[in-house]
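Number of protein chains: 2
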Amino acid sequence: MAVGQVPFPDMPMLDGVRLGTAMAGIKKPSRRDLVVIELPESATVSGVFTRNAFCAAPVSVAKAHMAACRAEGRSPRYWLINTGNANAGTGEAGLVDARESCRVLAEAVGVEASSVLPFSTGVIGEPLPMARLSAGISPALDAREATSQAWQQAGEGILTTDTRAKGASVTLEIGGEQVVINGITKGSGMIKPNMATMLGFVVTSATVEQALLDQLLRETVDASFNCITVDSDTSTNDACMLAATGRGPRIESEADIARFRDALQDVMTALAQMIIRDGEGATKFVTLAVSGAQSRAEALDVAFTVAHSPLVKTALYASDANWGRILAAVGRAPVTDFDVNRIVIDLGDVRLVEHGGRAASYTEAAGSSVMAKEEITIAINLGRGEAEATVWTSDLSHDYVSINADYRS
Amino acid sequence: MAVGQVPFPDMPMLDGVRLGTAMAGIKKPSRRDLVVIELPESATVSGVFTRNAFCAAPVSVAKAHMAACRAEGRSPRYWLINTGNANAGTGEAGLVDARESCRVLAEAVGVEASSVLPFSTGVIGEPLPMARLSAGISPALDAREATSQAWQQAGEGILTTDTRAKGASVTLEIGGEQVVINGITKGSGMIKPNMATMLGFVVTSATVEQALLDQLLRETVDASFNCITVDSDTSTNDACMLAATGRGPRIESEADIARFRDALQDVMTALAQMIIRDGEGATKFVTLAVSGAQSRAEALDVAFTVAHSPLVKTALYASDANWGRILAAVGRAPVTDFDVNRIVIDLGDVRLVEHGGRAASYTEAAGSSVMAKEEITIAINLGRGEAEATVWTSDLSHDYVSINADYRS
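Those protein sequence lines, which keep their order, are chains Z and X.
Throughout the first sequence, residue numbering follows the working numbering, covering 137 to 545 in sequence.
Throughout the second sequence, residue numbering follows the working numbering, covering 137 to 545 in sequence.
So this is what it looks like as structure tokens:
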């Protein structure tokens with residue numbers, strides 16, 4: 137299931153960027169499961185990764201390779217991505233496999249192995265099928281193209297339980313020249329990124345110096361991928377990459393940085409929201425807007441407590457205006473000195489809670505009419521400060537249980 | 137659904153204690169939904185309550201009445217419990233209703249209103265049907281008995297989505313005399329008590345001074361009701377009450393206190409585990425035993441992170457030895473400086489994880505044979521300290537979604 141229609145957009149070409157995919161048979165035959173994204177030498181590259189202590193081997197290797205490139209003043213040139221196997225929980229052997237996959241690609245194109253960054257997604261704990269993966273690298277390289285179709289095929293080639301490819305693109309003008317930002321992402325379950333979505337790859341034609349690129353990635357991920365949750369489970373493989381090809385306008389004036397950041401935020405937020413719309417078993421797209429908090433951290437705590445509540449999520453699935461469950465979830469959020477009499481909760485344009493209980497104006501009919509919708513906003517004003525945060529989530533349906541009870545079988 | 141057979145035990149009579157139930161039609165006709173538990177004047181009474189900021193009106197009133205009794209050197213004499221309506225999120229009107237229900241009972245038996253402690257469970261946010269509740273008090277009083285059957289009917293009269301009444305009883309000898317501890321509890325969903333289960337009522341024939349009773353309740357609840365979770369949702373109405381009738385042997389020597397505490401812990405743990413066995417949609421009873429932690433809080437953090445993971449819970453439901461999900465959940469626990477190479481995870485007697493990945497000795501067949509069982513222990517040794525904690529939980533099944541998507545309709 138998935139909420140709403142989100143067609144894959146047209147992706148403008150980016151000078152120096154090519155994408156190739158292959159059907160390597162890593163988990164299932166006859167599906168795209170191996171993707172190579174090529175970046176020009178002039179690119180700057182930034183990445184954020186999962187904070188899960190059991191981070192996957194490719195995450196460790198990608199970080200080490202990025203550090204090696206930076207130490208030598210080079211830029212990573214290739215992102216090598218496979219689905220079907222996460223190469224996580226695989227210990228030392230997994231690290232050897234991840235490095236070897238980079239070496240195979242590097243040798244084929246004549247770059248250093250550390251110029252290749254590996255990414256994996258899929259089942260945890262099984263050895264990477266190295267023979268099939270290595271054999272798929274050459275066909276993926278042969279298929280490299282800069283076209284919109286290549287972007288879409290790459291979007292398909294990184295999916296796991298997702299039901300559709302996810303892409304976003306924004307074009308803006310900087311100094312009279314067009315700047316393109318293209319991104320693809322995947323993720324559907326095990327989604328409560330603490331750094332990034334499971335996998336996101338964003339490339340812009342702009343020229344952005346390294347420190348600024350790092351900062352922009354952190355800022356825009358914090359307000360997008362780090363504000364979504366399907367099931368509260370942070371993956372071992374989360375990674376979000378941002379590259380600037382260095383072939384387009386330089387982003388350096390304050391005004392240009394602000395405009396570029398806004399456009400990048402639009403791409404990141406669109407991609408993050410697509411993950412929620414395609415959340416495992418999702419039948420609802422839910423926005424939790426918390427305001428009146430003493431800090432953004434407090435607002436996020438309240439939003440995530442409600443977003444993770446199985447009772448709220450099953451009520452959303454049932455289109456049941458069971459506002460008592462929302463109130464109970466807010467009440468157990470880790471906030472000290474909560475004055476419930478100041479809390480106001482709105483469901484869409486219907487006031488649910490004020491003065492410590494159900495709003496006098498509330499009617500079941502009004503609540504039900506909002507809950508019947510596919511897209512629902514729950515606004516919670518804590519009445520104790522100026523900080524706010526927005527989190528997006530999905531509901532908890534029978535399909536979520538089916539998908540995750542059957543995933544490996 | 138429910139895990140295993142847990143018949144209601146024989147409950148010895150307690151001198152001075154009577155229980156009466158009525159069918160008041162609070163939510164549905166023809167089911168026991170109102171319970172009165174009478175305690176003797178000689179009793180000491182202790183209670184622990186939910187930490188949910190939106191605590192229900194009866195919780196506020198029960199706390200206030202207990203304080204009033206203590207201030208005047210009296211003991212609460214009646215516990216008045218209804219199911220079908222939680223009287224939570226009902227604001228000022230809910231407080232008025234809770235106080236009025238105490239007044240009606242107090243007047244009927246000739247005690248102060250503050251000698252009555254009210255408890256409610258059921259749907260949140262609807263006004264208490266006061267006419268029906270008040271009308272039920274007299275029949276409940278008329279039905280008062282000290283028999284085992286009266287305990288069982290009281291156990292039935294406090295249930296919500298539970299599938300069966302839950303009671304436990306232990307008898308020990310203190311100074312050559314028998315001491316009885318009887319307890320009943322209810323709870324099935326919205327179970328991640330932060331203080332107590334939804335409702336628990338335990339009475340002993342011993343004589344225990346107030347301060348010691350308070351301490352024993354806190355200690356035994358911390359290792360029982362506060363170590364269970366069905367769905368991570370802390371209720372607005374949680375309360376666990378402990379009364380000592382003062383008609384039996386005095387518990388005061390260190391040796392007697394230790395023996396009494398052990399027996400009380402047995403009752404509390406048995407009751408808490410019954411809630412998990414009867415967890416909404418539960419098909420598995422899962423013990424999470426975390427050891428090698430730097431503190432008990434850290435051990436609890438890891439245990440609850442795994443216990444709350446929807447992906448672990450759906451894998452348990454599917455009897456799928458998807459140990460990667462357990463590893464991923466451990467890895468995202470809020471523990472700083474986690475060295476994954478020191479973590480050892482066992483599933484029953486099968487080693488799953490060591491040296492940062494799947495144990496070399498692990499086989500899918502061995503893991504599957506453990507997962508196929510109804511009762512499963514996951515042991516996690518963090519290898520960084522001496523502290524430990526045990527948490528009990530259930531799986532996440534289709535029935536959980538059905539029960540909670542349909543609960544109000």
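Heads up, the beta-carbon is just placed ideally off N, CA and C, and yes, glycines get one too.
For the candidate residues the options, whose alpha-carbon lies nearest to that of residue i?
i: Gln346 of chain X; options: X:Ser178, X:Pro145 and X:Ala541; result: X:Ser178
i: Ser324 of chain X; options: X:Leu400, X:Ala418 and X:Ala342; result: X:Ala418
i: Gly460 of chain X; options: Z:Ser196, Z:Pro143, Z:Asn188 and Z:Gly140; result: Z:Asn188
i: Ala451 of chain Z; options: X:Ile260, X:Ala276, X:Ser389 and X:Ser497; result: X:Ile260
i: Leu175 of chain Z; options: Z:Ser341, Z:Leu400, Z:Val442 and Z:Val438; result: Z:Ser341
i: Gly183 of chain Z; options: Z:Arg432, Z:Pro254, Z:Phe440 and Z:Glu522; result: Z:Pro254
i: Ser270 of chain X; options: X:Glu243, X:Gly291, X:Ser284 and X:Gln285; result: X:Glu243
i: Ser546 of chain Z; options: Z:Leu400, Z:Gly428 and Z:Ser538; result: In this structure chain Z extends from 137 to 545, so residue 546 of chain Z is not present and cannot be described.
i: Ile273 of chain Z; options: Z:Glu281, Z:Ile217 and Z:Ser250; result: Z:Ile217
i: His491 of chain X; options: X:Tyr498, X:Arg478 and X:Gly503; result: X:Arg478
i: Trp215 of chain X; options: X:Asp151, X:Val338, X:Cys191 and X:Phe190; result: X:Val338
i: Ser504 of chain X; options: X:Arg386, X:Ala267, X:Gly293 and X:Asp485; result: X:Asp485
i: Asp298 of chain Z; options: Z:Val195, Z:Ala138 and Z:Val357; result: Z:Ala138
i: Thr365 of chain X; options: X:Lys420, X:Val527 and X:Ala541; result: X:Val527
i: Thr499 of chain X; options: X:Ala465, X:Asn458, X:Asp531 and X:Ile162; result: X:Asn458
i: Met334 of chain X; options: X:Pro194, X:Glu510 and X:Val442; result: X:Pro194
i: Arg354 of chain Z; options: Z:Gly152, Z:Tyr536, Z:Ile162 and Z:Phe185; result: Z:Phe185
i: Lys199 of chain Z; options: Z:Ser538, Z:Gly220, Z:Ser166 and Z:Ala234; result: Z:Ala234
Give the residues of chain Z in contact with residue i, contact being defined as C-beta atoms less than 7 Å apart.
i: Ser497 of chain X; result: Neighbours of Ser497 of chain X on chain Z: none; closest Cβ ~13 Å, over 7 Å.
i: Leu569 of chain X; result: Outside the displayed span of chain X (137 to 545) sits residue 569 of chain X, for which this structure offers no information.
i: Val476 of chain X; result: Ala189 and Phe190
i: Thr450 of chain X; result: Val537, Asn540 and Ala541
i: Trp546 of chain X; result: Residue 546 of chain X lies beyond the range of chain X shown here (137 to 545); nothing can be said about it.
Can you give me the C-alpha to C-alpha distance between residue i and residue j, rounded to a whole angstrom?
i: Asn517 of chain X; j: Ala359 of chain X; result: 19 Å
i: Ala119 of chain Z; j: Gly230 of chain X; result: Chain Z is shown from 137 up to 545; residue 119 of chain Z falls before or after that span and cannot be answered.
i: Gly384 of chain X; j: Asp374 of chain X; result: 29 Å
i: Met147 of chain X; j: Ala160 of chain X; result: 25 Å
i: Arg168 of chain Z; j: Gln289 of chain Z; result: 8 Å
i: Ile512 of chain Z; j: Arg520 of chain Z; result: 24 Å
i: Arg300 of chain Z; j: Glu416 of chain Z; result: 12 Å
i: Val252 of chain Z; j: Thr157 of chain Z; result: 16 Å
i: Ser284 of chain Z; j: Asn362 of chain Z; result: 27 Å
i: Met149 of chain Z; j: Ile173 of chain Z; result: 13 Å
i: Ala222 of chain X; j: Val232 of chain Z; result: 57 Å
i: Arg397 of chain X; j: Glu388 of chain X; result: 11 Å
i: Ile412 of chain Z; j: Val476 of chain Z; result: 30 Å
i: Glu262 of chain Z; j: Ala525 of chain Z; result: 38 Å
i: Asp350 of chain Z; j: Gln314 of chain Z; result: 22 Å
i: Val448 of chain Z; j: Val422 of chain Z; result: 11 Å
i: Met404 of chain X; j: Val357 of chain X; result: 7 Å
Name, please, each residue of chain Z whose Cβ falls closer than 8 Å to the Cβ of residue i.
i: Ser371 of chain X; result: Ala464
i: Val357 of chain X; result: Result: empty, since nearest Cβ-Cβ is about 17 Å, beyond 8 Å.
i: His201 of chain X; result: By Cβ distance, chain Z contributes nothing, its closest Cβ being about 20 Å from His201 of chain X, past 8 Å.
i: Ile294 of chain X; result: The premise fails here: Ile294 of chain X is roughly 19 Å from chain Z at the closest Cβ pair, so nothing lies under 8 Å.
Helix, strand or coil for residue i? Go by DSSP, reduced to three states.
i: Gln634 of chain X; result: Since the first residue shown for chain X is 137 and the last is 545, residue 634 of chain X is missing from the structure and cannot be characterised.
i: Val195 of chain Z; result: helix
i: Phe396 of chain Z; result: helix
i: Val316 of chain X; result: strand
i: Ser182 of chain X; result: strand
i: Ser368 of chain Z; result: coil
i: Glu208 of chain X; result: coil
i: Cys376 of chain Z; result: strand
i: Ala332 of chain X; result: Low confidence applies here, because Ala332 of chain X scores a pLDDT of 42, under 50, leaving its location unreliable and the question unanswered by this model.
i: Asn540 of chain X; result: helix
i: Asn387 of chain Z; result: Note that residue 387 of chain Z is Ile in the sequence shown here, rather than Asn. Coil.
i: Phe440 of chain X; result: helix
Starting from the beta carbon of residue i, find every residue of chain X whose beta carbon is closer than 8 Å, and list them in chain order.
i: Pro446 of chain Z; result: Asp367, Ser368, Asp369, Pro446, Leu532, Tyr536 and Asn540
Applying a beta-carbon distance threshold of less than 9 Å, which residues of chain A neighbour residue i?
i: Met507 of chain Z; result: Protein chains in the displayed structure are Z and X, and chain A is not among them.
Given the structure, does residue i come close to the ligand SAM, in the sense that its CB is under 7 Å from one of the ligand's heavy atoms?
i: Arg487 of chain X; result: In terms of ligand content, the structure shown is empty, and the ligand SAM therefore cannot be addressed.
Which residues of chain X have a Cβ atom closer than 9 Å to the Cβ of residue i, listed in chain order?
i: Gly415 of chain Z; result: Correct list: empty, because the minimum Cβ distance to chain X is about 11 Å.
Segments assigned alpha helix (DSSP H), at least 4 residues, entirely inside the stretch 242-330 of chain X: Fully contained in the stretch 242-330 of chain X are the following alpha helix (DSSP H) runs of length 4 or more, in chain order: 266-278 and 284-293.
At 3 residues or longer, and completely inside the stretch 454-492 of chain Z: list those beta strand (DSSP E) runs for me, N to C. List check, beta strand (DSSP E) in window: 480-483 and 486-490.
Considering only residues of the stretch 139-176 of chain Z, which uninterrupted beta strand (DSSP E) runs meet the minimum length of 3 residues and lie entirely inside it, listed in chain order? Counting whole runs of 3 or more residues, the stretch 139-176 of chain Z contains the beta strand (DSSP E) stretches 154-158 and 170-174.
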